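Below you'll find the structure, written out as structure tokens, and then a few comments.
There are 2 protein chains.
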Amino acid sequence: MRLHFYFFCFIVNHMVNYYKSNLDQVFSVLSDPTRRAIIEELSKGEKTVKKLAEPFDMSLPAFSKHMKVLENAGLVSYRKAGRYKYYYLHQEEFYDAARWLNDLKSFWESQLSSLERYLLNNEEEGGNKK
Amino acid sequence: MRLHFYFFCFIVNHMVNYYKSNLDQVFSVLSDPTRRAIIEELSKGEKTVKKLAEPFDMSLPAFSKHMKVLENAGLVSYRKAGRYKYYYLHQEEFYDAARWLNDLKSFWESQLSSLERYLLNNEEEGGNKK
């Protein structure tokens, strides 16, 4: 029974850590403009590194380092076709980060509407007293 | 006339740089779990550093460093009331980051529905041929 409990704790802890580290990694990756541009480009469909690197004034090895960061963070993968590697995006890995920011906005907006309700109620009460 | 054009270019360039550097900074700040927790807490209302630091197993100087990062990035400010500094959040500074991630999701979802449309059309055409 106790073993089950420890196993349960291990799983929960693992999930919490995954969730945390996923957010740490995703936000860290997104703090660089080149990496954001690569992600935007890959959201339109899979591409080779050569094609992805074209718009950037950067050496191919320097560009490949950015690709390695994205790959190590589990945000992109590739499939091989002959001599070429086609990179594609793991879109679902960005969902938690988007949710985190949207939750922040929702909370803020709900607070604003509480304030509006409070002001409106006070206004009505003030009006009734006249 | 040419002067107007240069001024216009300067303004546009300035705006683009602001937008880029704002995203760089916001995402970089968000890559740390302590800073995310502080932001979540401040989204509920203004607080002193002492109150904010309470849940963390961290020295006050170490915690203050995180506050300094948030302050330098223009994400929090404080007002003085007697001996106390009350910190509050600049919620609007997170909007661009949220929009960037939501745009990524919208684009992905619109692509998915294009694929659905394509598959449905093909299915119908296939059905008609029978």
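Chains as they are written, first to last, in my numbering: chain F, 683 to 812; chain D, 683 to 812. Each residue gets a CB set at the ideal place from its N, CA and C atoms; glycine is no exception. From a predicted model like this one, the values you see are computed outputs, not experimental measurements.
Per the coordinates, the alpha-carbon of alanine 755 of chain F lies some 8 Å from the alpha-carbon of valine 711 of chain F.
Separation of lysine 767 of chain F and aspartate 785 of chain D (C-alpha to C-alpha, rounded to the nearest whole angstrom) is 27 Å. Residue range 742-754 is occupied by the alpha helix (DSSP H) that includes leucine 752 of chain F. The beta carbon of asparagine 784 of chain D sits closer than 8 Å to some beta carbon of chain F. Annotated as proximal: leucine 783 of chain D and phenylalanine 776 of chain F, with beta-carbon spacing under 8 Å. Our two residues, histidine 772 of chain F and lysine 787 of chain D, have alpha carbons roughly 11 Å apart in a direct line.
Close to chain D, meaning a Cβ-Cβ distance shorter than 9 Å, are the following residues of the region 713-744 of chain F: Ser713, Asp714, Pro715, Arg718, Ile721, Glu722, Ser725, Lys726 and Gly727. The beta carbons of phenylalanine 745 of chain D and valine 731 of chain D sit about 7 Å from each other, so the pair counts as a contact at 8 Å. Around the Cβ of arginine 717 of chain F, a 10 Å sphere holds 16 or more other Cβ atoms; the residue is buried.
The beta carbons of alanine 735 of chain F and leucine 742 of chain F sit closer together than 8 Å. When DSSP states are grouped into helix, strand and coil, arginine 765 of chain F belongs to the coil group.
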